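6 protein chains.
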Amino acid sequence: MEYNVGEQVQLYLLVKSQTKGIASNGKAFLTLILQDKSGDIEAKFWDASSEDEQTYQPQTIVQVAGEIHEYRGRLQLKLKQIRPTNEQDGVEVGDLLERAPLAVKEMQDIVTQYIFDMKSPAIQRITRHLVKKVEKDFFLYPAATKNHHEFVSGLAYHVVSMLKLAKSIADLYPSLDRDLLYAGVILHDLGKVQELSGPVATSYTVEGNLLGHINIMVEQISQAAIELSIEGEEVMILKHLVLSHHGKAEWGSPKPPMVKEAEILHYIDNIDAKMNMLDRALERVKPGEFSERVFALDNRNFYKPTFHN
Amino acid sequence: MEYNVGEQVQLYLLVKSQTKGIASNGKAFLTLILQDKSGDIEAKFWDASSEDEQTYQPQTIVQVAGEIHEYRGRLQLKLKQIRPTNEQDGVEVGDLLERAPLAVKEMQDIVTQYIFDMKSPAIQRITRHLVKKVEKDFFLYPAATKNHHEFVSGLAYHVVSMLKLAKSIADLYPSLDRDLLYAGVILHDLGKVQELSGPVATSYTVEGNLLGHINIMVEQISQAAIELSIEGEEVMILKHLVLSHHGKAEWGSPKPPMVKEAEILHYIDNIDAKMNMLDRALERVKPGEFSERVFALDNRNFYKPTFHN
Amino acid sequence: MEYNVGEQVQLYLLVKSQTKGIASNGKAFLTLILQDKSGDIEAKFWDASSEDEQTYQPQTIVQVAGEIHEYRGRLQLKLKQIRPTNEQDGVEVGDLLERAPLAVKEMQDIVTQYIFDMKSPAIQRITRHLVKKVEKDFFLYPAATKNHHEFVSGLAYHVVSMLKLAKSIADLYPSLDRDLLYAGVILHDLGKVQELSGPVATSYTVEGNLLGHINIMVEQISQAAIELSIEGEEVMILKHLVLSHHGKAEWGSPKPPMVKEAEILHYIDNIDAKMNMLDRALERVKPGEFSERVFALDNRNFYKPTFHN
Amino acid sequence: MEYNVGEQVQLYLLVKSQTKGIASNGKAFLTLILQDKSGDIEAKFWDASSEDEQTYQPQTIVQVAGEIHEYRGRLQLKLKQIRPTNEQDGVEVGDLLERAPLAVKEMQDIVTQYIFDMKSPAIQRITRHLVKKVEKDFFLYPAATKNHHEFVSGLAYHVVSMLKLAKSIADLYPSLDRDLLYAGVILHDLGKVQELSGPVATSYTVEGNLLGHINIMVEQISQAAIELSIEGEEVMILKHLVLSHHGKAEWGSPKPPMVKEAEILHYIDNIDAKMNMLDRALERVKPGEFSERVFALDNRNFYKPTFHN
Amino acid sequence: MEYNVGEQVQLYLLVKSQTKGIASNGKAFLTLILQDKSGDIEAKFWDASSEDEQTYQPQTIVQVAGEIHEYRGRLQLKLKQIRPTNEQDGVEVGDLLERAPLAVKEMQDIVTQYIFDMKSPAIQRITRHLVKKVEKDFFLYPAATKNHHEFVSGLAYHVVSMLKLAKSIADLYPSLDRDLLYAGVILHDLGKVQELSGPVATSYTVEGNLLGHINIMVEQISQAAIELSIEGEEVMILKHLVLSHHGKAEWGSPKPPMVKEAEILHYIDNIDAKMNMLDRALERVKPGEFSERVFALDNRNFYKPTFHN
Amino acid sequence: MEYNVGEQVQLYLLVKSQTKGIASNGKAFLTLILQDKSGDIEAKFWDASSEDEQTYQPQTIVQVAGEIHEYRGRLQLKLKQIRPTNEQDGVEVGDLLERAPLAVKEMQDIVTQYIFDMKSPAIQRITRHLVKKVEKDFFLYPAATKNHHEFVSGLAYHVVSMLKLAKSIADLYPSLDRDLLYAGVILHDLGKVQELSGPVATSYTVEGNLLGHINIMVEQISQAAIELSIEGEEVMILKHLVLSHHGKAEWGSPKPPMVKEAEILHYIDNIDAKMNMLDRALERVKPGEFSERVFALDNRNFYKPTFHN
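Just so you know, the protein sequences line up as chains X, A, S, U, G and R, in that order. Counting from 60, one number per residue, gives the positions in the first sequence under my numbering. Counting from 60, one number per residue, gives the positions in the second sequence under my numbering. Counting from 60, one number per residue, gives the positions in the third sequence under my numbering. Counting from 60, one number per residue, gives the positions in the fourth sequence under my numbering. Counting from 60, one number per residue, gives the positions in the fifth sequence under my numbering. Counting from 60, one number per residue, gives the positions in the sixth sequence under my numbering.
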């Protein structure tokens with residue numbers, strides 16, 4: 060965040076973290092890290108009641124007013140006012156953090172359309188049911204804590220790009236079952252809304268660590284089938300698509316793809332993730348230069364040809 | 060099977076496979092492969108009705124009477140009589156195939172006792188519930204199609220040996236949670252009753268191939284918790300124990316052990332499986348000789364010291 | 060080939076192999092293996108002159124007339140007449156062997172169009188120049204000796220499918236350089252016309268074994284640039300695309316992809332090759348069955364769901 | 060160590076390291092690092108004679124009197140008196156460093172009992188002979204420089220735990236040869252008394268680096284057999300047990316286990332080492348938390364369930 | 060062996076194997092496989108006494124007279140006379156089996172000269188002592204059961220070639236210690252005279268399987284030092300040279316080379332072994348052809364250029 | 060560099076790097092890092108014209124006069140005079156940087172002699188032609204940026220050592236083709252004069268990164284053959300030698316050695332590179348000590364025996 064010392068500010072910010080301390084007067088205070096797209100800043104909230112502690116949890120959007128100070132070489136915000144926002148403020152997490160280039164509404168429409176286009180009632184109903192269950196999180200969560208699509212709505216954006224890619228490939232290779240491919244794309248990472256902690260300061264949940272998003276989603280498919288009274292091999296194949304989408308045991312899939320669409324789903328996932336990494340690695344690089352090394356791309360660095368721009 | 064050509068026999072046998080053909084008179088006939096512990100023999104069942112086809116499915120125990128013939132250098136049984144057995148015959152699959160050295164009843168008592176000893180109601184109820192659901196198969200199935208415990212009741216025998224080993228280890232290392240260890244042992248391979256086709260001519264089911272016994276059982280634990288209205292971290296930890304019991308991603312566990320008892324469960328499984336392989340590899344070997352190579356033990360061959368017997 | 064002994068036949072066939080022998084009368088004879096799509100048959104060509112030996116080399120199309128005999132349990136063709144075909148016969152290699160589903164003319168038009176669409180004169184001229192040089196072979200050769208596209212015109216068919224896929228992907232990810240992608244697709248395997256022996260009884264040439272198609276084509280690109288007096292980084296990037304298209308050192312690329320389009324080229328190659336393998340593995344399989352193991356797909360076997368057909 | 064500046068102390072401490080320097084007056088001085096269980100502190104020993112240099116070697120227990128100073132932000136002990144301890148002081152290394160939870164005497168009795176229980180005179184005599192040779196060190200050394208049992212008497216404690224585990228396993232699998240198992244446990248790491256430098260500031264000796272504890276002990280077994288005039292296959296099998304106890308070539312065993320007891324010895328070693336690591340990793344962790352990553356356990360971190368304590 | 064049925068022969072042959080049977084008259088007979096450089100042939104020795112059984116053990120050289128018969132499509136020798144040879148016959152194993160291109164005497168002189176040239180008394184005495192102990196076998200044994208130098212005196216021939224190579228390399232890189240290099244070459248595989256069964260029908264001994272030639276020789280070096288009352292670091296370094304000569308743990312060396320000469324010894328061993336494999340693979344190949352695949356050279360096949368001969 | 064503040068110096072130095080800045084008076088200045096064998100020093104070149112910028116590029120040898128200052132704790136050279144050197148100065152890069160122990164002239168003579176000794180005109184002419192093309196760089200460049208022979212003329216010195224080693228080995232194994240071996244040695248790394256930036260502050264060029272020295276040289280061999288109108292298999296074999304000299308795909312050779320001399324070339328390269336690393340690692344170590352870990356030798360550290368010096 061770029062402010063001058065002494066500057067008066069009024070801002071919408073997001074609580075990134077909250078730590079409780081005891082001041083020398085014996086009263087509790089909160090150290091809040093507040094962020095927006097331009098960075099983050101520390102603010103002390105003195106004489107905090109336990110209700111305040113509840114109110115200003117991480118991921119809360121607040122409006123603050125205060126003055127910029129400097130403390131040990133770093134800027135600090137001296138709070139004058141703070142309040143949680145409400146609907147009238149019209150501020151969303153995606154306004155304060157890096158977010159997908161498509162609006163949530165737009166992505167919802169696209170996903171809805173692909174589900175609508177499915178021909179198999181079993182596959183269509185299970186997919187729709189599972190998306191509905193976690194719809195809000197699905198369109199808000201990042202796709203990962205790092206490496207690719209690690210921004211607000213990154214998960215949905217990844218899915219939308221993959222759906223388009225799946226459609227192109229199915230157009231070229233007509234032996235592919237579109238229903239399986241679309242459902243596989245939509246469901247493959249949906250377990251991440253339980254594996255990850257949320258769009259802000261994203262980390263792994265305990266369940267995410269011990270079970271993983273693959274297992275979480277496979278179970279949800281079974282549960283959806285029970286709730287919708289759907290039987291038949293489609294349920295098992297959908298589970299297999301999710302189970303095998305990492306491609307190999309050593310990459311986290313206990314079974315490798317053993318159905319054609321599962322194999323292709325793995326490639327589609329790969330291409331979209333890698334394109335995202337490549338674009339981000341190269342966007343800060345000038346023609347004739349190499350990017351920094353990209354860990355998830357075997358630690359390679361990439362060259363931008365002099366005739367590119 | 061060792062019989063002389065022309066010998067009259069009356070035997071209890073198990074149908075290993077059934078293939079339908081059409082004879083030159085236009086009528087259907089069945090080619091049955093019948094087996095007992097001494098081997099197998101082919102028999103033709105002429106003029107078979109579709110009802111006969113239903114009756115003499117694989118895994119059926121039959122009583123046959125007939126005469127031993129030879130056809131193209133192999134013995135054949137010329138059927139005079141055949142009928143499926145009933146309870147009065149008192150013949151079980153385990154009488155006709157290699158089977159575990161403990162009686163089913165004995166193994167049931169042991170498993171029941173270990174479940175009874177559990178202190179956590181959540182863990183105890185889920186374990187008991189899941190064993191009950193597939194109890195008959197659990198005490199009949201082999202533990203694998205090959206490598207170790209590949210005999211009738213091999214799965215339960217493997218579990219019973221592991222329970223005793225788990226108890227010994229928990230006695231020596233008191234920081235271990237016995238409930239988790241015992242439940243982990245009982246549930247870890249229980250999904251094999253869906254992964255494998257049964258105790259006779261065992262192969263993988265489609266579900267076994269596409270999902271695997273680990274995933275199958277993890278789902279069943281969730282389902283059991285729902286049916287029993289059990290909530291709490293115990294459910295997740297039980298799922299993690301099953302999920303991680305192969306120890307590493309490349310050995311089929313999408314998550315490695317991340318709970319102490321999960322790590323130890325993996326070792327207990329390993330020791331009991333390997334002891335079974337070692338004993339079987341060495342039982343046909345004389346002191347001073349090497350066994351044949353054992354594929355699942357890195358293709359090693361093992362030496363029986365001259366001072367052993 | 061299914062013929063009856065004694066049958067008189069007149070056929071167009073392809074010489075698959077020729078072996079010279081000396082008959083008991085001291086004269087030379089040729090043992091020809093002749094093939095068409097239905098299989099192959101042996102024929103003896105007695106009293107062969109050295110001119111005949113030259114005429115009936117492998118890959119020659121011949122018209123034969125003769126009678127079907129049987130020798131040591133296998134059919135043999137007793138030749139009455141044989142002659143090499145000429146243009147009037149209108150028979151091509153692709154009529155006698157399995158071939159790509161698109162006609163050569165059709166594939167030529169598509170490749171020409173993609174070259175025409177290129178915007179960079181340097182890339183366009185090099186690509187066109189190299190295709191022209193080996194045009195006949197390019198549209199006739201298989202893409203490999205086994206695994207995928209191992210049929211007449213398989214190389215060009217693989218390229219045409221990849222071009223369409225490249226176009227779809229470039230439509231979705233506008234940061235990609237279409238010229239590089241198209242040129243990379245067209246050139247990546249073009250060295251196979253020197254690495255492989257030809258469309259019939261395909262094997263590796265000595266040069267193919269010792270240098271490989273990647274190195275062969277990289278050199279040709281340099282040579283083309285010299286011949287066309289083209290300088291500039293485009294030449295180096297085209298060489299890098301070919302050099303890196305196997306993706307990793309251990310898969311035969313001495314440099315991994317270090318340019319965005321090189322990374323994507325590797326995926327496009329992979330998807331088209333794998334789709335070809337998958338379709339061929341599953342085309343002989345009924346719903347509810349598994350295919351045979353596919354070596355180049357990590358020896359997996361693939362399941363055709365019961366709801367597919 | 061927690062002392063206040065200016066505090067007068069009289070302490071038993073262990074010399075961890077000694078470095079010689081030359082003071083500005085041209086006389087030698089020693090910089091001693093002195094430690095006990097609470098940590099370590101530096102002390103300067105001025106005007107040190109070469110006899111003092113010999114006396115205050117690392118691993119010496121000393122009694123010191125002095126005053127706590129501070130120098131460049133770190134505490135220092137200003138020595139007033141220092142002397143090496145003698146038997147009357149009754150202080151042992153294990154009083155000043157972290158040590159095994161069992162007393163040396165207790166561990167000696169257990170090892171003696173297991174040796175006493177052996178039935179094969181050859182195995183018993185060799186084992187007893189080798190333990191006797193290095194008895195003092197065996198009950199004092201750690202089992203490693205880090206990872207597991209890296210404390211005073213850690214080697215013997217590891218052996219004692221393994222002996223109990225070996226007994227439990229032999230009770231469950233009667234085909235195991237107890238003599239081999241017990242001797243294997245006692246001898247497997249005995250070479251560490253030559254591979255490691257001692258219980259204090261443990262490092263590898265040159266011999267340890269160039270030959271390793273496995274080779275060292277295998278040679279000692281041969282030597283013991285010569286000294287005891289013992290011949291017969293038992294000697295070779297004991298050597299094989301030690302040689303193969305790391306399980307695989309890449310883990311440092313030039314031969315993999317090829318005798319049943321060698322295979323099981325490897326597992327017993329593994330379980331006891333891993334239990335030690337797990338207990339230490341989890342003892343500082345609260346329920347609901349993850350431990351730090353444990354390098355020797357594939358860098359995993361472990362979860363302590365909320366229902367544990 | 061190429062003989063005609065009915066031919067009378069008188070030959071020196073080597074007993075390759077002996078199997079005892081009981082004839083229909085109740086008397087024992089021996090089935091002997093007899094060999095020379097041209098191949099092997101079976102002979103029945105009827106009415107064999109137990110003394111005969113002792114006399115005609117494998118590796119015995121015999122003189123036989125008899126007639127060539129045919130039995131079940133294979134030649135057999137009908138024995139008329141058989142006797143073990145003695146010194147007067149002047150026939151050695153190397154006359155009947157493939158053997159090294161240098162005479163034993165010649166190789167002995169070379170090895171003696173290299174030992175004589177050593178400057179370190181410790182290294183020289185240990186090396187000479189160990190060669191003396193097994194001198195007869197050392198100059199008779201093959202270097203392996205397959206892959207390279209698998210012929211009579213192959214071990215010594217391998218050592219002699221390596222000594223010359225070691226000398227050349229030491230001439231070029233004067234920082235190398237020639238004593239260590241020569242001693243390392245002479246001792247590195249000397250344990251093979253215990254690891255292998257002998258020059259005829261070579262197999263692994265039990266000791267060879269369970270301990271391996273590396274461990275066997277390392278122990279012998281220690282034992283030699285004790286017998287010669289030699290102390291000092293030279294002993295440890297010689298042991299390290301042998302211990303590490305396979306280069307990596309996964310290739311059977313429990314410690315990698317950690318001394319300069321150990322690293323170079325590994326390369327010298329490699330070059331000589333590989334040259335032997337390459338020469339043998341290519342000696343049956345014509346210019347312009349590829350050899351068969353060589354398993355120990357990563358299963359590669361090698362090309363003989365057309366300009367070679 | 061060790062100078063005292065205030066000292067007047069006149070020195071020959073090498074420009075290691077040049078950075079342009081704008082002074083507060085608005086004029087350009089250059090920050091030059093100047094080096095000789097004793098280290099490097101910074102100098103400011105004020106009021107630099109664009110011509111000066113061209114003149115004092117990295118790798119230029121200059122004569123400077125000036126005074127030693129100190130700035131922020133580091134020495135700086137206050138320039139009084141600076142000029143590029145010319146032939147009269149008689150100063151070469153190798154006088155100012157660490158360089159090979161043989162003079163360039165001496166190495167040129169050796170390489171010339173080996174080329175002269177070749178018997179195949181084709182191999183001889185191609186080798187001579189390629190050396191001539193880059194002769195100046197060949198005798199000036201290092202062999203690598205780090206690991207081995209990373210000094211001025213390191214590339215040629217590596218080649219000269221390898222030529223001698225190749226000759227020794229060919230003397231011992233007469234089946235080797237000396238022409239191929241010598242040409243392989245001379246050409247194998249010649250592409251490094253394009254892969255690397257030069258002898259000063261050596262880094263990889265873009266071409267080096269994207270294509271690599273192996274590919275660069277293989278192309279040059281083809282180009283040389285065209286320029287010299289040489290045809291025949293020798294050209295292909297020379298290309299194969301260069302292509303395969305890293306030994307394995309994962310080490311950067313797209314084809315493994317498939318010709319005998321290619322296999323041996325790989326070993327010769329290895330030995331000379333490793334000897335260079337070992338000598339440099341051990342030259343700063345005293346007897347009885349271990350060297351630092353050497354990354355390119357599997358991160359091992361090496362022991363210098365107490366009897367070495």
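Glycine included, each C-beta is placed from N, C-alpha and C at the ideal position. None of these values were measured; they are calculated from a predicted model.
Residue i classed as buried or exposed, judged by whether at least 16 other C-beta atoms fall within 10 angstroms
i, result
"G/A202", "buried"
"S/K137", "exposed"
"X/G243", "buried"
"S/Q253", "buried"
Close Cβ partners of residue i (< 6 Å) along its chain, the five nearest in sequence each way excluded
i, result
"U/M60", "S97, G98 and I100"
"S/E322", "P316"
7 Å Cβ cutoff met for residue i and residue j
i, j, result
"G/A308", "U/G311", "yes"
"U/F349", "U/Y362", "yes"
"X/I127", "X/L73", "no"
Below-7 Å beta-carbon distance, residue i vs any chain D residue
i, result
"U/G243", "Of the protein chains in this structure, namely X, A, S, U, G and R, none is chain D."
Cβ shell of residue i (< 7 Å), same chain only, five flanking positions each side left out
i, result
"X/Q140", "V123 and A124"
"G/Q77", "L89, L91, Y115, Q116 and P117"
"R/N63", "I127"
Contacting residues, own chain, Cβ-Cβ under 8 Å from residue i (five flanking each side not counted)
i, result
"U/T144", "Y71, I120, V121, Q122 and V150"
key: Interface residues of the stretch 286-309 of chain U facing chain G [CB-CB below 7 Å]   = M295, K298, H299, L302, A308 and E309
ask   = the stretch 346-362 of chain S: which residues have C-beta closer than 9 Å to a C-beta of chain X, in chain order?
value = G347, F349, L356, D357, R359, N360, F361 and Y362
Contact residues within the stretch 263-287 of chain G, judged by C-beta distance below 9 Å to chain A = V265, N268 and L269
query = What runs of the alpha helix (DSSP H), each 4 residues or longer, lie entirely inside the stretch 207-275 of chain U?
reply = 213-231, 237-246, 251-254 and 265-269
message = Which residues of the stretch 172-189 of chain A have a Cβ closer than 7 Å to any Cβ of chain X? Give them in chain order.
response = none
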